[in-house]
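Right, one structure below, let's go through it.
Protein chains: 2
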Amino acid sequence: MFDSGIGGLTVLKEVRKLLPNEHIVYLGDTARVPYGNRSAAAVTRYSLENARFLLSRGIKMLVVACNTSSAVALPVLKKRLPIPVVGVIEPPSREAVARTRKKRIGVIGTRATIASRAYERTIRRLDPSAEVISRACPLFVPIVEEGLEADAIAGLAVDKYLNDFKRLSIDVLVMGCTHYPILEPRIRELLGDAVYIVNTGKETAGEVREVLEKHGCLRTSGRGGCDYFVTDAPDKLSDLGSRVLGAPLKKVKLARLETTPAPTRA
Amino acid sequence: MFDSGIGGLTVLKEVRKLLPNEHIVYLGDTARVPYGNRSAAAVTRYSLENARFLLSRGIKMLVVACNTSSAVALPVLKKRLPIPVVGVIEPPSREAVARTRKKRIGVIGTRATIASRAYERTIRRLDPSAEVISRACPLFVPIVEEGLEADAIAGLAVDKYLNDFKRLSIDVLVMGCTHYPILEPRIRELLGDAVYIVNTGKETAGEVREVLEKHGCLRTSGRGGCDYFVTDAPDKLSDLGSRVLGAPLKKVKLARLETTPAPTRA
Numbered sequence: 044m045f046d047s048g049i050g051g052l053t054v055l056k057e058v059r060k061l062l063p064n065e066h067i068v069y070l071g072d073t074a075r076v077p078y079g080n081r082s083a084a085a086v087t088r089y090s091l092e093n094a095r096f097l098l099s100r101g102i103k104m105l106v107v108a109c110n111t112s113s114a115v116a117l118p119v120l121k122k123r124l125p126i127p128v129v130g131v132i133e134p135p136s137r138e139a140v141a142r143t144r145k146k147r148i149g150v151i152g153t154r155a156t157i158a159s160r161a162y163e164r165t166i167r168r169l170d171p172s173a174e175v176i177s178r179a180c181p182l183f184v185p186i187v188e189e190g191l192e193a194d195a196i197a198g199l200a201v202d203k204y205l206n207d208f209k210r211l212s213i214d215v216l217v218m219g220c221t222h223y224p225i226l227e228p229r230i231r232e233l234l235g236d237a238v239y240i241v242n243t244g245k246e247t248a249g250e251v252r253e254v255l256e257k258h259g260c261l262r263t264s265g266r267g268g269c270d271y272f273v274t275d276a277p278d279k280l281s282d283l284g285s286r287v288l289g290a291p292l293k294k295v296k297l298a299r300l301e302t303t304p305a306p307t308r309a
Numbered sequence: 044m045f046d047s048g049i050g051g052l053t054v055l056k057e058v059r060k061l062l063p064n065e066h067i068v069y070l071g072d073t074a075r076v077p078y079g080n081r082s083a084a085a086v087t088r089y090s091l092e093n094a095r096f097l098l099s100r101g102i103k104m105l106v107v108a109c110n111t112s113s114a115v116a117l118p119v120l121k122k123r124l125p126i127p128v129v130g131v132i133e134p135p136s137r138e139a140v141a142r143t144r145k146k147r148i149g150v151i152g153t154r155a156t157i158a159s160r161a162y163e164r165t166i167r168r169l170d171p172s173a174e175v176i177s178r179a180c181p182l183f184v185p186i187v188e189e190g191l192e193a194d195a196i197a198g199l200a201v202d203k204y205l206n207d208f209k210r211l212s213i214d215v216l217v218m219g220c221t222h223y224p225i226l227e228p229r230i231r232e233l234l235g236d237a238v239y240i241v242n243t244g245k246e247t248a249g250e251v252r253e254v255l256e257k258h259g260c261l262r263t264s265g266r267g268g269c270d271y272f273v274t275d276a277p278d279k280l281s282d283l284g285s286r287v288l289g290a291p292l293k294k295v296k297l298a299r300l301e302t303t304p305a306p307t308r309a
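Top line first, the protein sequences correspond to chains A and B.
Residue numbers for the first sequence follow our numbering, beginning at 44 and rising by one.
Residue numbers for the second sequence follow our numbering, beginning at 44 and rising by one.
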């Protein structure tokens with residue numbers, strides 16, 4: 044499983060809960076976080092480098108626990124990797140379509156995710172009658188990374204980006220960025236209980252189980268575990284990671300990726 | 044001249060104003076921005092890669108227009124490069140020491156810059172009796188990059204990080220990050236006119252002229268110009284750059300750096 048930084052830990056948490064016997068290798072690309080404002084070419088290149096590192100650790104399946112990467116690099120990853128690849132766009136999209144009554148679904152994410160229109164395309168493919176209203180919330184990631192989710196600044200940012208959704212009367216919101224669950228209480232405060240907020244981590248965990256079952260490689264016994272790698276500043280992941288997971292995160296190791304100046308084909 | 048992103052354009056602007064006959068090659072490392080929360084090892088590695096690219100363009104002197112990089116990588120750059128290197132820490136520090144009456148100087152910057160204590164060391168070396176009060180303002184860069192300097196969020200962030208300075212009665216403030224001048228009106232609103240705000244770009248431009256004069260390679264005639272390079276998303280620099288420079292910024296090119304997995308020596 045990889046993410047651009049710590050956000051993917053919200054997915055890891057749900058996968059561990061659902062699949063406690065599996066061993067997870069987590070890679071946070073903290074040397075190049077955030078992906079959300081970068082070009083599709085750069086995100087694809089970084090995603091391939093991350094995948095190569097994880098392959099070298101002997102993984103049997105890849106979870107792209109980063110929305111930006113799932114939105115722009117998933118087809119390339121699926122094509123080039125010899126193992127099953129699951130992203131974080133399809134699972135919450137399916138849940139959103141199943142939950143909406145008004146057929147009005149809100150989607151929030153980084154600039155790159157929203158610009159990719161990946162959620163819009165996925166949701167409309169699943170239900171052509173659904174209307175998708177998308178908003179980029181570029182300040183949410185730094186607010187979460189700085190631990191300011193309880194600060195007045197977080198409230199102001201939530202209001203700035205999401206106030207419109209009230210008027211537009213959506214009934215389902217997809218948090219299209221793995222950092223955003225940290226802000227869920229503030230978002231719920233603004234939108235109220237009438238809006239169903241999709242939990243991407245939980246939906247993705249369900250998909251991971253399905254895929255492992257289908258490929259006959261689901262572990263149902265034995266003790267699972269986690270290896271944590273980052274590409275820069277292991278101490279920072281320990282601190283923030285503990286906050287996300289609600290438990291101390293120990294032994295974070297530094298990963299040395301083989302970087303390439305440009306994708307050979309993309 | 045290089046910066047992690049667009050912030051260095053505030054320095055470029057002042058250098059162009061003071062030295063209109065010089066030709067500047069600007070490199071924004073937008074593929075890896077921001078440097079402010081990364082480790083010293085990563086920032087040093089990225090700085091060397093940037094410098095190598097600029098050397099290949101035939102520069103006669105290097106301006107490290109990034110505070111984080113100046114704070115942690117300047118000694119390595121000075122040691123390894125065959126040309127004069129100027130950073131953005133020393134020039135404003137000298138001005139701060141010259142301006143303060145109360146001998147109480149405030150310094151703001153990214154986490155990495157503040158953690159490096161580079162300003163503190165430089166100012167105390169210039170005037171051992173000066174007291175330096177430092178604050179990391181990690182949300183300022185994303186606020187500026189998102190163009191939210193006039194938003195209520197900017198006011199709240201300025202108040203959050205700088206309100207303490209009023210009580211601590213500093214009389215000089217060093218904006219130790221090249222992005223921060225964009226927030227100067229909001230900072231001035233809070234701190235009032237009694238606090239002198241040092242203009243890093245202007246002070247650095249003065250130093251650049253001195254160094255070029257000393258080395259006998261100052262251009263005093265002929266038309267100057269600028270080449271703009273970024274490591275990702277050239278369009279984004281065009282937009283934000285125009286806002287910083289107050290004039291359209293055209294022909295931004297993509298730079299392909301030779302990256303290395305880790306520094307050979309550092």
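Where is the CB? At the ideal position from N, CA and C, for every residue including glycine.
Distance between residue j and residue i (C-alpha atoms, nearest Å)
i                 : j                 : result
Asp236 of chain A : Gly268 of chain A : 35 angstroms
Pro77 of chain A  : Ser172 of chain B : 41 angstroms
Leu234 of chain A : Gly79 of chain A  : 24 angstroms
Ala84 of chain B  : Gly259 of chain A : 43 angstroms
Lys60 of chain B  : Ala248 of chain B : 9 angstroms
Ile148 of chain B : Pro135 of chain B : 11 angstroms
Ala143 of chain A : Val217 of chain A : The sequence as given places Thr at residue 143 of chain A; Ala does not occur at that position. Their backbone Cα atoms lie some 11 angstroms apart in a straight line.
Arg81 of chain A  : Gly48 of chain A  : 14 angstroms
Thr274 of chain A : Phe96 of chain A  : 11 angstroms
Pro224 of chain B : Ala139 of chain A : 43 angstroms
Pro291 of chain A : Glu253 of chain B : 52 angstroms
Thr73 of chain A  : Cys180 of chain A : 20 angstroms
Lys103 of chain B : Val129 of chain B : 12 angstroms
Lys169 of chain A : Arg123 of chain A : For the record, residue 169 of chain A in the displayed sequence is Leu; it is not Lys. So the two alpha carbons sit approximately 26 angstroms from each other.
Ser177 of chain A : Glu163 of chain A : 8 angstroms
Thr165 of chain B : Pro125 of chain A : 54 angstroms
Leu328 of chain A : Arg88 of chain B  : Lying before the first or after the last residue shown, residue 328 of chain A is absent from chain A, which here runs from 44 to 309.
Arg167 of chain A : Gly71 of chain A  : 31 angstroms
Ala116 of chain B : Val86 of chain B  : 7 angstroms
Ile240 of chain A : Lys209 of chain A : 14 angstroms
Glu192 of chain A : Arg75 of chain A  : 23 angstroms
Lys294 of chain B : Glu92 of chain B  : 22 angstroms
Arg308 of chain B : Thr302 of chain B : Bear in mind that a pLDDT of 34 at Arg308 of chain B, under 50, signals an unreliable position, so the number given afterwards is only what the model happens to contain. Rounded to whole angstroms, Arg308 of chain B to Thr302 of chain B spans 15 angstroms at the Cα level.
Ala305 of chain B : Ala276 of chain A : For Ala305 of chain B, the predicted model reports a pLDDT of 48, less than 50, meaning its position is unreliable; a value from the coordinates is still stated below. Near 14 angstroms, if we compare the C-alpha coordinates of Ala276 of chain A and Ala305 of chain B.
Lys56 of chain A  : Arg286 of chain A : 12 angstroms
Which listed residue (the options) has its alpha carbon closest to that of residue i
i                 : options                                : result
Val251 of chain A : A:Thr53, A:Thr156, A:Val58             : A:Val58
Tyr69 of chain A  : A:Ala84, A:Gly50, A:Ile166, A:Arg154   : A:Gly50
Glu189 of chain B : A:Pro277, A:Ala83, A:Arg154, A:Cys109  : A:Arg154
Asp282 of chain A : A:Leu52, A:Val129, A:Thr263, A:Asn93   : A:Leu52
Leu62 of chain B  : B:Lys279, B:Thr302, B:Arg262           : B:Arg262
Leu297 of chain B : B:Met44, B:Thr156, B:Asp278, B:Ser90   : B:Asp278
Val215 of chain B : B:Phe183, B:Ile151, B:Ser159           : B:Ile151
Ser212 of chain A : A:Ser159, A:Leu55, A:Val175            : A:Val175
Asp315 of chain A : A:Ser90, A:Ile67, A:Lys56, A:Asn64     : Chain A is shown only over 44 to 309; residue 315 of chain A falls outside these bounds and no answer can be derived.
Asn110 of chain A : A:Thr165, A:Asn242, A:Leu55, A:Ile132  : A:Ile132
Ala114 of chain A : A:Ile186, A:Ile157, A:Arg123, A:Ala276 : A:Ile157
Arg100 of chain A : A:Arg167, A:Phe272, A:Asn206           : A:Phe272
Tyr204 of chain B : A:Asp194, A:Asp202, A:Leu205, A:Lys245 : A:Asp194
Val238 of chain B : B:Lys146, B:Ala116, B:Ala108, B:Lys56  : B:Lys146
Arg266 of chain A : A:Val119, A:Glu92, A:Val54, A:Ile67    : A:Ile67
Leu43 of chain A  : A:Leu98, A:Ala276, A:Arg137            : Given that chain A is displayed from residue 44 to residue 309, the structure contains no residue 43 of chain A and the question cannot be resolved.
Ser112 of chain B : B:Thr221, B:Phe208, B:Leu191           : B:Thr221
Glu65 of chain B  : B:Val241, B:Glu256, B:Arg286           : B:Glu256
Pro127 of chain B : B:Arg137, B:Asn242, B:Met44            : B:Met44
Proximal chain B residues relative to residue i, where beta-carbon distance stays under 9 angstroms
i                 : result
Leu182 of chain A : Leu182, Pro185, Ile186, Glu189, Leu191, Ile196
Lys203 of chain A : Leu191, Asp194, Ala195, Ile196
Partner residues on chain A for residue i, Cβ-Cβ distance less than 7 angstroms
i                 : result
Ala200 of chain B : Ile196
Neighbour list for residue i in chain A, Cβ cutoff strictly below 8 angstroms
i                : result
Arg81 of chain B : Thr73, Ala74, Asp275, Ala276
7 angstroms Cβ cut-off: residues of chain B touching residue i
i                : result
Ala85 of chain A : Ala74, Asp275
**Message:** Which complete alpha helix (DSSP H) runs does the stretch 198-268 of chain A hold, if anything under 4 residues is left out?
**Reply:** 227-234, 243-257
Next item on the list: Say whether the stretch 223-232 of chain A touches the stretch 192-200 of chain A, bearing in mind that this needs 3 or more beta-carbon pairs closer than 8 angstroms, one atom from each stretch.
Entry: yes
Which full runs of the beta strand (DSSP E) of 3+ residues lie inside the stretch 115-159 of chain A, going along the chain?
147-152
Problem - Secondary structure, alpha helix (DSSP H): runs of 4+ residues fully inside the stretch 51-98 of chain A - result: The qualifying runs are 52-61, 83-98.
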